[in-house]
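A.B. asks:
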Amino acid sequence: MSQAKIADWTQGHEAIVYQDCGACGTRQYFRRGFCAVCGVPDPVEKRASGSGTVYATSLVCRAATPETRAHVPYNIVLVDTSEGFRMMAHGDTDLAIGDRVTARYQPFAGRLVPHFAKAK
Amino acid sequence: MGFITGVGLTSYGKHEGSSSLDLMGRAAELAIADAGLNRAEVDGVLCGYSTVSPHIMLATVFAEHFGIRPSYAHAVQVGGATGLAMTMLAHHLVDAGIARHVLVVSGENRLTGQSRDASIQALAQVGHPDYEVPLGPTIPAYYGLVASRYMHEYGVTQQDLAEFAVLMRRHALTHPGAQFHEPITVADVMASKPVAMPLKLLDCCPVSDGGAAFVVSRERTGDTAIRVRGCAQAHTHQHVTAAPRLSELGAEIAIARARASSGMAISDVRYAAVYDSFTITLAILLEDLGLAQRGEAAARVRAGHFDRDGDMPLNTHGGLLSYGHCGVGGAMAHLVETHLQMTGRAGSRQVRDASVALLHGDGGVLSSHVSMFLERVG
């Protein structure tokens, strides 16, 4: 992973960050020092709005570590963000595919993780 | 042209006190004897990996332990697709004249060698270390995500998925080496403990001890020859977050390439061996491969299409779901069973016609794919 310019939830900050390629316009979520589509270096880091649509859900009922077991059941979701990239996060257990959602942040197993709920 | 000249398979389940090397050795001995060879004739070794006993040079460790000095040896790691990826490589190695008899071997004491939590934890690491793993997903959760989307797009229900677990269990009942011997019903699957919804315990393959091996040779060593007619791979992503649309998954790409390289069509296939880590895996792969129309695989299960005496017998040993899953060896059991079927040695499980078989393996979260056609000649 290349050096972060904007701190995000993976570093314990309340933010979702993506990269925008100035050359081909691709928006990517996993941070790299280059655009994974066209290879041009230094895509621009931007803070996402935290809004999106639920793409998939899975309610975890069997966890594998004592830290995660304390949170069971927890809902893992894939969200298609309004900026156009897909991300994994937590979500309310009543979420269904296609729901419009917004992100907040919650502690989970000693970390801060994005957690989506239905948009008001 | 690579021929599968011998196969070996241990029972799957608990092998208390056996190491990964023990299980590899047992399967290797069976496969070499089945090929009518002695171990000194093996000049190539390809092996998988062991999560219980990780090693940076497992093939060499195994060769020394087993007492052979191959001219070509290394491990291969493509998750659940490893067994078929090794077979594909062995086929090309013998075809290119690099080796004459390649031993493909894997075994792991995954059930008794570590706790279930440790297995689940080790496997979850296929997720992205920064963007996925901190969220506490498990392998069933990665596939649970795929399942929820597939069910949403194609109208597949949890009851539909349960049919695949019931089918694999029915097949396992006829194999003495299978991990599970109790029949199950759709209601049993539906009532089993939730793991990562929509997947429940009986939608998931077990953790097992076991070993599997085969020999891939440049020439046939027996009367009945089973040869690799064609094979191909596709790798579209590693992490489920980065997976393409369901309509663009790697299985469809791999099978199209394998069809092109072999000149075979799905209508030529008489026996199918398809990766079944979860019920959803089997449902998606059968439909991606063209063995069922989109959203209709479960209906075909209900109609008996994939039964031993059906039009397309599938995983007649019980698959990962019910024969068991010991890591790389898990899907290699599919090939062992296919070979027994193609050579008419499957006993009470024998199907009418297994002259042409289609095998498919999947690693990661539908990330890496290998499709392979085998045919009987002579």
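Going down the list, the protein sequences come from chains U and A. Letter 5 of the first sequence, counting from 1, is numbered 1143 in this note's numbering, and no numbers are missing. Letter 88 of the second sequence, counting from 1, is numbered 117 in this note's numbering, and no numbers are missing. The beta-carbon is built from N, C-alpha and C at its ideal position, and this holds for glycine as well.
(1) So which of V105/A, T89/A, S290/A, M117/A has the shortest CA-CA distance to P99/A?
(2) Would a C-beta distance cut-off of 8 Å place V330/A and L38/A closer than the cut-off?
(3) Please classify T186/A as buried or exposed, where buried requires at least 16 other C-beta atoms within 10 Å of its C-beta.
(4) So what's Y1193/U in DSSP terms, helix, strand or just coil?
(5) Considering G54/A, what are the terminal residues of the alpha helix (DSSP H) in which it resides?
(6) Compare the C-alpha of V1178/U against each of G1160/U, V1215/U, Q1149/U, H1209/U and name the closest.
(7) How close, in whole Å, do the beta carbons of R256/A and M30/A come, if the pair is a contact with beta carbons under 8 Å?
(8) Just mark C1173/U as buried or exposed, buried being the case when its beta carbon has 16 or more other beta carbons within 10 Å.
(9) Could you tell me whether any Cβ in chain U is nearer than 8 Å to the Cβ of G142/A?
(10) Under the assumption that A225/A contacts A170/A (Cβ atoms under 8 Å), give the Cβ distance between them as a whole number of angstroms.
(11) Who are the neighbours of Y1212/U on chain A, taking C-beta pairs under 9 Å?
(12) Does the beta carbon of C1159/U come closer than 8 Å to any beta carbon on chain A?
(13) State yes or no: is the beta carbon of H1151/U nearer than 8 Å to at least one beta carbon in chain A?
(14) Mark Q1149/U as exposed unless 16 or more other C-beta atoms lie within 10 angstroms of its C-beta, in which case mark it buried.
(15) Less than 8 Å between CB atoms is the rule here; does S1189/U satisfy it with respect to chain A?
(16) At the level of alpha carbons, what is the spacing between Q379/A and L202/A?
(17) Could you tell me which of H204/A, G136/A, R129/A, T111/A sits nearest to G73/A, measuring between CA atoms?
(18) For E192/A, which three-state DSSP category applies?
(19) For N1213/U, which beta-bridge partners are listed by DSSP?
(20) Quick check on this structure: which residue in Y1212/U, L1216/U, R1165/U, V1182/U has the alpha carbon closest to the alpha carbon of T1240/U?
(21) For V1311/U, tell me which candidate among G1188/U, C1176/U, G1171/U has the shortest Cα-Cα distance.
(22) Give me the residue from D63/A, P83/A, V269/A with the minimum Cα distance to P158/A.
(23) For a test of your reading of the model: does the CB of D1146/U fall under 7 Å from any non-hydrogen atom of the ligand ZN? Yes or no.
(24) Taking the CB atoms as reference points, tell me whether R1165/U and F1223/U lie closer together than 8 Å.
(25) In chain U, which residues lie less than 7 Å from I149/A when you measure between Cβ atoms?
(26) For A1145/U, collect the residues of the same chain with a Cβ closer than 6 Å to its Cβ; drop the 5 residues on either side in sequence, then sort them by chain order.
(27) Please tell me whether T167/A and V1198/U are closer than 8 Å, where the distance is taken between their beta carbons.
(28) Are the beta-carbon atoms belonging to L388/A and A302/A less than 8 Å from one another?
(29) List, in chain order, every chain A residue whose beta-carbon is nearer than 9 Å to that of F1168/U.
(30) Checking the sheet assignment: what are the DSSP bridge partners for F1246/U?
(31) Going by beta-carbon coordinates alone, are K1256/U and L1233/U separated by less than 8 Å?
(32) Considering M115/A, what are the terminal residues of the alpha helix (DSSP H) in which it resides?
(33) Show which residues of chain U have a CB atom less than 7 Å away from the CB atom of G173/A.
(34) Pick from G206/A, H210/A, K229/A, Q208/A: whose alpha carbon is nearest that of D217/A?
(35) I'd like to know if A1186/U contacts chain A, where contact means its C-beta is closer than 8 Å to some C-beta of that chain.
C.D. replies: This is what the structure gives:
(1) For the purposes of this step, residue 99/A is taken as the residue at position 70 of the second sequence. Of the candidates V105/A, T89/A, S290/A, M117/A, the one whose C-alpha sits nearest the C-alpha of P99/A is T89/A.
(2) Residue mapping note: residue 330/A aligns to position 301 of the second sequence, counting from 1. Residue mapping note: residue 38/A aligns to position 9 of the second sequence, counting from 1. Cβ distance not < 8 Å, so V330/A and L38/A don't count as in contact.
(3) Along the second sequence, one-based indexing puts residue 186/A at 157. Label assigned to T186/A: exposed.
(4) As a first step, residue 1193/U is located in the first sequence; it is residue number 55 there, counting from the start. Looking at Y1193/U - three-state DSSP - the assignment turns out to be strand.
(5) Taking the second sequence and counting its residues from 1, the one referred to as residue 54/A is at position 25. Its alpha helix (DSSP H) spans residues 49 to 63.
(6) On the first sequence, position 40 is the one that residue 1178/U refers to. When each option's Cα is compared against that of V1178/U, the closest is G1160/U.
(7) Sequence index remark: in the second sequence, residue 256/A carries index 227 (1-based). Sequence index remark: in the second sequence, residue 30/A carries index 1 (1-based). Indeed, because the Cβ distance is near 5 Å, the residues count as touching under 8 Å.
(8) Indexing the first sequence from 1 puts residue 1173/U at position 35. That one is buried.
(9) Counting from 1 along the second sequence, the entry for residue 142/A is found at position 113. Taking Cβ atoms only, chain U never reaches closer than 8 Å to G142/A, which makes this a no.
(10) Translated into the one-based positions of the second sequence, residue 225/A becomes position 196. Translated into the one-based positions of the second sequence, residue 170/A becomes position 141. The beta-carbon distance between A225/A and A170/A, rounded to whole angstroms, is 4 Å. This is short enough to meet the 8 Å contact definition.
(11) Counting from one through the first sequence, the residue named residue 1212/U turns up at place 74. L164, G165, listed in chain order.
(12) Within the first sequence, residue 1159/U is the residue found at index 21, counting from 1. Chain A contact via Cβ: absent.
(13) Residue numbering aside, residue 1151/U sits at position 13 when the first sequence is read from its first letter. In terms of beta-carbon proximity, H1151/U stays away from the interface with chain A, with every pair separated by 8 Å or more.
(14) Start at 1 with the first residue of the first sequence, and residue 1149/U comes out as number 11. Q1149/U counts as exposed, since fewer than 16 other C-beta atoms from the protein chains shown sit within 10 angstroms of its C-beta.
(15) The residue you call residue 1189/U lines up with position 51 of the first sequence. Chain A contact via Cβ: absent.
(16) One-based indexing of the second sequence puts residue 379/A at position 350. One-based indexing of the second sequence puts residue 202/A at position 173. Rounded to whole angstroms, Q379/A to L202/A spans 14 Å at the Cα level.
(17) On the second sequence, position 44 is the one that residue 73/A refers to. G73/A has its Cα closest to that of R129/A, out of H204/A, G136/A, R129/A, T111/A.
(18) Here residue 192/A corresponds to residue number 163 of the second sequence, with the count starting at 1. Reduced to three states, the DSSP call for E192/A is helix.
(19) As a first step, residue 1213/U is located in the first sequence; it is residue number 75 there, counting from the start. Beta bridge pairing from DSSP links N1213/U with L1197/U, G1229/U.
(20) Here residue 1240/U corresponds to residue number 102 of the first sequence, with the count starting at 1. Per the Cα distances, L1216/U.
(21) This structure gives no information on residue 1311/U, because the portion of chain U shown stretches from 1139 to 1258.
(22) Taking the first residue of the second sequence as 1, we reach residue 158/A at position 129. Measuring from the Cα of P158/A, the nearest candidate turns out to be V269/A.
(23) This structure simply doesn't include the ligand ZN, nor any ligand for that matter.
(24) Residue numbering aside, residue 1165/U sits at position 27 when the first sequence is read from its first letter. Residue numbering aside, residue 1223/U sits at position 85 when the first sequence is read from its first letter. Judged by beta-carbon spacing, F1223/U lies within the 8 Å limit of R1165/U, meaning their Cβ atoms are closer than that value.
(25) As a position in the second sequence, residue 149/A is number 120, starting the count at 1. Neighbours of I149/A on chain U, chain order: A1202.
(26) Within the first sequence, the letter at position 7 stands for residue 1145/U. Within the same chain, A1145/U has close Cβ partners H1151.
(27) To locate residue 167/A, count along the second sequence from 1; it is residue 138. To locate residue 1198/U, count along the first sequence from 1; it is residue 60. For T167/A and V1198/U, yes; Cβs fall inside 8 Å.
(28) Stepping through the second sequence from its first residue, residue 388/A is reached at position 359. Stepping through the second sequence from its first residue, residue 302/A is reached at position 273. Between L388/A and A302/A, the CB-CB gap stays under 8 Å.
(29) Residue numbering aside, residue 1168/U sits at position 30 when the first sequence is read from its first letter. Residues of chain A passing the Cβ test: H157, D159, Y160, H268, T270, A271.
(30) What you label residue 1246/U is simply residue 108 of the first sequence in a count that begins at 1. In the DSSP assignment, F1246/U forms a beta bridge with R1249/U.
(31) Numbered from its first residue, the first sequence carries residue 1256/U at position 118. Numbered from its first residue, the first sequence carries residue 1233/U at position 95. Against a cut-off of 8 Å, the Cβ pair of L1233/U and K1256/U comes out as a contact.
(32) Translated into the one-based positions of the second sequence, residue 115/A becomes position 86. Taken as a continuous stretch (DSSP letters only), the alpha helix (DSSP H) holding M115/A covers 111 to 124.
(33) Taking the second sequence and counting its residues from 1, one reaches residue 173/A at position 144. What G173/A touches in chain U: S1196.
(34) Residue mapping note: residue 217/A aligns to position 188 of the second sequence, counting from 1. Cα-wise, what sits closest to D217/A is K229/A.
(35) Taking the first sequence and counting its residues from 1, one reaches residue 1186/U at position 48. It does not; no Cβ of chain A falls within 8 Å.
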